[in-house]
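Beneath this line is the structure, given in C-alpha cells, with notes to follow.
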Amino acid sequence: TRLMGDSIASNLFMLGYAFQLGLIPLTSAAIEKAIELNGVAVNLNQQAFLWGRRTAHDPAAVEAFVNPQNKVSEPQPMDLDQRIQSNVDTLKQYQSAAYAKRYLALVQRVRDSESRAFPGQQPTLTEAVAFNYFKLLAYKDEYEVARLYSNGDFHRQLQAQFEGDYRLEFHLAPSWLAKRDPHNGLPRKRSFGPWMLRAFDVLATFKFLRGTALDPFGRSLERQQERALIDRYVSDIELILQRLQAQNRHTALSLARLPERIRGYGYIKESAMKAAAVQADILRKSLESGEVAAPKLYEAAA
C-alpha cells in the first residue's frame with residue numbers, strides 16, 4: 284500500500300513477486316496482456332506487477348525507495364566487477380562456495396582470453412558469460428524456491444504490505460506430485476496452506492542434494508534439461524576460448540548470449556530451448572569451420 288498507494292494492487296504485486304520466483308508458468312508479456320484485456324485499472328495493475336517482480340529481485344532497493352529517509356544515497360549501476368561479485372555471493376547462497384568458485388573460474392578465464400585477444404576494448408564477451416553462465420547455474424528449482432521463501436525477505440514483504448489477520452495459501456505445481464493438464468501439458472497447480480512455510484524452511488536445508496544421485500527432484504525432465512544446458516554452455520565457452528579471434532568475435536558473442544533467449548516455464552521454456560539449440564549448432568559449426576561470416580541470430584533480451 285505504501286508503494287502503490289492503493290491496497291487493491293496488492294494481488295498483482297504478489298503475482299509479480301511469485302512470477303519472479305519462478306512460480307508462474309507464463310511469460311511476463313502474457314500476464315501484462317491479460318491485465319490490459321481485463322480493462323480495470325490497467326496502469327495501476329501493470330505497475331503493481333512490475334514492482335512485485337522488482338521486490339523479489341532486490342527487496343533492499345525497493346525498501347529504500349519506499350522509505351527514502353533510510354536511504355543513504357542513490358544506488359549506482361554496478362560495473363562488471365561488482366556484477367560478478369554479486370553473482371558469486373548469490374551462488375554461495377544458492378548452493379555453496381565451491382559452486383560460486385566454479386562460476387568465477389570460467390568467467391575469469393574468458394576475461395583473460397578476451398583481454399589478450401582484444402586489449403583495451405569493451406569486454407562484451409566477458410559480460411555475456413558473466414550474465415548467462417550465472418543465469419544457467421542459478422536455475423529456479425524446488426530448493427531455490429524454498430530458500431527464497433524462507434530467507435526472511437518474503438516475511439518482511441508480507442509485513443510491509445499487509446496488516447491484520449490474513450491466511451497464506453501457496454498455489455504450486457510440483458512436477459513429481461501434480462497431474463498434467465491434457466491441453467497444454469503443464470502440471471496442474473494445487474493449493475497448500477501456511478504450513479508450507481515450515482516445509483520451505485526444511486527443504487531449503489537440503490539444497491546440498493541438488494544435482495546429486497540422491498536429489499529426489501533431479502530425475503525430472505526439466506531438471507535434467509537445466510543441468511544439460513549448463514554442461515553444453517561450458518562446452519561452448521571452451522570452444523570459444525580455443526577459437527577466439529577478431530574474425531569470429533561476433534559469432535562467439537552470439538553463442539555466449541544464446542541463453543538470454545531461453546525464457547518462461549514449462550512448454551514455453553522447452554520451445555525456447557529447442558530454438559536456441561538449433562541456433563547454437565549453426566554458431567558452433569561456424570566457429571569450428573573458421574568461417575568469417577556468421578548469421579545474426581542473437582536478439583537482445585526484452
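The sequence shown begins at 284 in my numbering and counts up one residue at a time.
Cβ coordinates follow ideal geometry from the N, Cα and C atoms, glycine included.
Item checked: Rounded Cβ spacing between residue 412 and residue 520 (contact assumed at less than 8 Å) -> 6 Å
Next item on the list: Measuring alpha carbon to alpha carbon, tell me which of 452, 379, 426, 361 ends up nearest residue 414.
Entry: 361
Next item on the list: Evaluate contact between the segment 502–517 and the segment 373–384, counting only Cβ atoms and requiring at least three cross-stretch pairs below 8 Å.
Entry: no
Notebook entry, point to check: Within this structure, are the beta carbons of residue 374 and residue 406 separated by less than 9 Å?
Noted result: no
Note to self: If you follow the alpha helix (DSSP H) that residue 332 is in, where does it begin and where does it stop?
What the structure shows: 325–340
Next item on the list: State the DSSP-derived secondary structure class of residue 303, mapped to helix, strand or coil.
Entry: helix
Note to self: For residue 315 and residue 528, what's the separation of their Cα atoms in angstroms?
What the structure shows: 42 Å
Margin query: Rounded to whole angstroms, what is the Cα-Cα separation between residue 452 and residue 474?
Written below: 6 Å
Note to self: Considering just the uninterrupted stretch of the alpha helix (DSSP H) at residue 370, what are its terminal residues?
What the structure shows: 363–377
Item checked: Whole-number beta carbon distance between residue 401 and residue 432, since they are thought to touch under 8 Å -> Contact flag wrong, Cβ pair sits at about 43 Å.
Checklist line | Where the alpha helix (DSSP H) containing residue 407 begins and where it ends | finding: 407–420
Checklist line | Exposed unless 16 or more other CB atoms sit within 10 angstroms - verdict on residue 424 | finding: buried
Item checked: Sequence-distant residues of the same chain with beta carbon closer than 6 Å to residue 523, five excluded per side -> 535
Notebook entry, point to check: Is the segment 322–341 close to the segment 563–575, with three or more CB pairs under 8 Å?
Noted result: no
Item checked: Within 9 Å, strictly: CB atoms of residue 512 and residue 538 -> no
Check: Below 8 Å, can you find three or more Cβ-Cβ pairs linking the segment 385–405 to the segment 489–498?
Finding: no
Next item on the list: Compare the C-alpha of residue 563 against each of 303, 318, 417, 541 and name the closest.
Entry: 541
Note to self: I'd like the span of the alpha helix (DSSP H) that includes residue 503, first residue to last.
What the structure shows: Here residue 503 belongs to no alpha helix (DSSP H), and DSSP marks it neither H nor E.
Notebook entry, point to check: Going along the chain, which residues of its own chain have a beta-carbon closer than 7 Å to the beta-carbon of residue 366, five neighbours each way excluded?
Noted result: 413
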